[in-house]
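Keeping their order, the protein sequence lines are chains A and B. At position 202 of the first sequence (counting the first as 1) the number is 765 in this note's numbering, and the numbers step up by one without a gap. At position 91 of the second sequence (counting the first as 1) the number is 223 in this note's numbering, and the numbers step up by one without a gap. The C-beta atom is built at its ideal place from N, Cα and C for all residues, glycine as well. Every value quoted in this text rests on a predicted model; they were computed, and no experiment measured them.
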Amino acid sequence: MTTATSFTEQSKPEIAVCLEQVVCSFTTSGKTVRAVDQVDLEIAAGEFFSLLGPSGSGKTTCLRLIGGFERPASGVIKLFGADASRLPPFQRELNTVFQDYALFPHMSVLENVGYALMVRGVPKLERIKRATEMLESVKLAGFAARRPAQLSGGQRQRVALARALVNRPRILLLDEPLGALDLKLREEMQIELKALQRELGITFIYVTHDQGEALSMSDRVAVFNHGKIEQMDAPKVLYDAPRTEFVAKFVGSANVIPGVLIGRSGLFALRPENIRVLEGYHNGLSGELLDIHFLGAQTRLEIRVGNERIATLQSGVSHLERGAAVTLEWSEQHLRQLEVSA
Amino acid sequence: MTSASWGLRIAAFLCIFFLHFPLFIIVLYAFTTDDKTYAFPPPGLTLHWFTVAAGRADIWAALWLSVQTALLATAIALVLGTMVAAAMYKAKFWGKESITLLFILPIALPGIVTGIALLSTIRRVNLEPGVLTMVIGHATFCIVTVFNNVVARLRRLSQSQLEASADLGADSWQTFRFVVLPSISTALLAGGLLSFALSFDEVIVTTFTAGTDQTLPIWFLNELFRPRDRPITNVVALFVIAVTLIPILLVQRLTQAGEDLHGGGKTS
């Protein structure tokens, strides 16, 4: 994790969120499951931090613990240095964009956005002024009088964002905010969210199961599996140097090669794009070409080596044919030894 | 499925006739000129009995008592029913179903059982039967209608809206006031109107808890044994039909509108 902490070491910013040995369990039909299992986490002020993992990995529960919607069974949650473990959501200086947006259906868009100001007793005129400004900044200026039901999914998403930001929180929690949008809109919103975060300079904590989304937007990513953080690093490090088999496979689908295949001990990760495929038998790992998938700019080859299936990616079109005997080559630097989990 | 068969249509009309013919008779004889017997057809039609009824102080007193009781019982039911619904809709605990049943029981029990139970309790605690005891008696079953309406609406309220409200800085009371209350307002109105209608024409529980006071339904029963100015009872009956029918029609419209709203206004 040496590279991961470099972000904090260089600029020495304040720690916005700190989790120490946090445990959160749920009991369903008599069985207790630890959704979050002894998690340690430090998120710096101004960081774009993603919690990445498959469903049920504990990432959303972790976000809800920070937001105050769940109470930790043990451990400490600090916000800007102060213990917030027992604070209810309305006493925490952070706001949330919910997965289903959770807009109030009986209020207009303007009333939704102004809600945080209203409950804090901000006078009506100022409330309208600030909510209107906020709506303008998410490009929804003409929609103030509408009801949430009269908006498209993308517009509701922006209202949810404006509502969460109107009170200028220091931390914004986002729970899979783009999950309900179609691909094109999602890509646009990714760029917009990142730009917004840079402009506002506040801490974004972003939950997603989409590794591409996490890698493209974040300063750092924590990869969750079974309630624990498997690895916490900058996207590039996560991609180039996965520490565990789970991270290697989940982030960018690397090949996990057992050491015996290459005359070593342990497990190794090797990314598809770092493998060269040579025709015929040469010095190196040889196998049989099982499948060819033409993907446009790249071609994906599936090769059987012993009992393993290894995927490779190469640019352009492959002239090889199925069933051909091939040899795999890679440079030593791309081979990553993985920690073997207990 | 645009039209039913002829047999079913006839059956439906017969059913309507069976249900509403007695009501028609009641309404018809409010206008008869004959004050002793219910001769058919009525010898003549008149509005005379309306003026007579309007001049009778005992009717006005009974009406006022009924309205008072119904309003108070409804008010109690609205507050307690909503609180129970709010406590029950989310909670998961062992025996929840049994406790829900305990809340619904008063409306399922025969009125005479509720009546006797209330009467013996009233005697035990040395309460003087009167408006207060009637209101308590009526509230036992009015709470159920409010509870049922509100709990159904609360179950449809998305949890994340409550979380969003808290997240945006609202305390529990503000969340109730600005998010929950608007969502359940039509359910409260529907439950309240039903409660009012239930209380307004209640006889059995009232008989046991009323003491010497006469609500309108009790006045009716007594009047049946004194065959004097008979059509007056029909006039009052007509009035009661109108008073109870209007809230029930309103409730029907409200609950339908609520469902439409729910279907159209769902954001998730």
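Quiz prompt | Three CB pairs or more closer than 8 Å across the stretch 634-641 of chain A and the stretch 584-591 of chain A | solution = yes
Practice problem: Report yes if the CB atom of B:A143 is closer than 8 Å to the CB atom of A:F661, and no otherwise. | Solution: no
Exercise. Tell me A:K641's beta-bridge partners as DSSP assigns them.
Key: A:C581 and A:D646
Practice problem: Check the Cβ of B:V311 against every Cβ in chain A and list those closer than 8 Å, keeping chain order. | Solution: F667
Quiz item: Going by DSSP, which residues form a beta bridge with A:L615?
Solution: A:T771 and A:V786
Quiz item: Are B:S331 and B:T206 touching if we call contact CB-CB under 8 Å?
Solution: yes
Quiz item: chain B beta carbons: is any one of them nearer than 8 Å to that of A:G742?
Solution: Output row for A:G742: interface = no.
Exercise. Let me know the secondary structure DSSP gives B:L140 once reduced to three states.
Key: helix
Quiz prompt | Secondary structure of A:N730, DSSP reduced to three states | solution = Coil, per DSSP.
Quiz prompt | Cβ separation of B:V276 and B:I239, assumed to be a contact under 8 Å, to the nearest whole Å | solution = 4 Å
Quiz item: Helix, strand or coil: how does DSSP classify A:D803 here?
Solution: helix
Quiz item: Heavy atom of the ligand SAM less than 7 Å from the Cβ of B:E295, yes or no?
Solution: Within the structure as shown, the ligand SAM is missing, as the structure has no ligands at all.
Quiz item: Any idea if B:G227 is buried or exposed, counting beta-carbon neighbours within 10 angstroms, 16 or more meaning buried?
Solution: Its Cβ having fewer than 16 others within 10 Å, B:G227 is exposed.
Exercise. Have a look at the DSSP bridge pairing and note the partners of A:H856.
Key: A:R863
Quiz item: Which residues share a DSSP beta bridge with A:V868?
Solution: A:E871
Quiz item: Can you find a CB in chain A that lies within less than 8 Å of the CB of B:D166?
Solution: no
Exercise. Would you mind sorting B:V267 into buried or exposed? The rule is 16 or more other CB atoms within 10 Å of its CB.
Key: buried
Quiz item: When the Cβ atoms of the stretch 713-732 of chain A are set against those of the stretch 659-673 of chain A, are three or more pairs found closer than 8 Å?
Solution: A contact is defined here as three or more CB-CB pairs under 8 Å, and the stretch 713-732 of chain A meets this definition with respect to the stretch 659-673 of chain A.
Self-check item: Buried or exposed by the 16-neighbour rule on C-beta atoms within 10 Å, applied to A:E895
Solution: exposed
Quiz prompt | Beta-carbon proximity of A:L657 to A:L735, cut-off 8 Å | solution = yes
Exercise. Buried or exposed for A:F857, please, with buried defined as at least 16 other CB atoms from any protein chain shown within 10 angstroms of its CB.
Key: exposed
Practice problem: My understanding is that B:G343 touches B:G269, with C-beta atoms under 8 Å, so please give their C-beta distance in whole angstroms. | Solution: Going by Cβ atoms, the distance from B:G343 to B:G269 rounds to 11 Å, so no, they are not a contact pair.
Practice problem: Can you check the stretch 145-222 of chain B for any alpha helix (DSSP H) of at least 4 residues that lies completely inside it and give the ranges in chain order? | Solution: 180-186 and 189-220
Exercise. Indicate whether A:V701 and A:R721 have their beta-carbon atoms separated by less than 8 Å.
Key: yes
Quiz prompt | For B:F308 and B:T272, the rounded distance between their alpha carbons | solution = 25 Å
Quiz prompt | Own chain partners of B:S198 with C-beta closer than 7 Å, once the 5 adjacent residues on each side are dropped | solution = Taking B:S198 as the centre and dropping the five residues before and after it, the same chain places the C-beta of F332, T347 and L348 closer than 7 Å to its C-beta, in chain order.
Quiz item: Using DSSP with H/G/I as helix, E/B as strand and the rest coil, what is A:E851?
Solution: strand
Self-check item: Delimiting residues of the beta strand (DSSP E) encompassing A:I765
Solution: No beta strand (DSSP E) holds A:I765; DSSP gives it neither H nor E.
Quiz item: Excluding sequence positions up to five away, which residues of its chain have a Cβ less than 7 Å from the Cβ of B:C408?
Solution: Since the first and last residues shown for chain B are 133 and 400, residue 408 of chain B lies out of range.
Quiz item: Do B:A162 and B:N366 have their C-beta atoms closer together than 8 Å?
Solution: yes
Quiz item: When the Cα atoms are used, what is the spatial distance from A:E865 to A:T623?
Solution: 35 Å
Quiz item: Is the beta carbon of A:A797 less than 8 Å from the beta carbon of A:A817?
Solution: no
Quiz item: Which first and last residues belong to the beta strand (DSSP E) in which A:T659 is found?
Solution: L657 to V660
Quiz item: Which of the three DSSP states, helix, strand or coil, is assigned to A:M697?
Solution: helix
Self-check item: Other residues of its chain near B:V282: CB distance less than 7 Å, five sequence neighbours each side excluded
Solution: G213, T214, A217, I316, A319, L320 and G323
Self-check item: chain B contacts from the stretch 679-703 of chain A (Cβ-Cβ distance under 7 Å)
Solution: Within the stretch 679-703 of chain A, the residues whose Cβ lies closer than 7 Å to some Cβ of chain B are A679, V682 and R683, listed in chain order.
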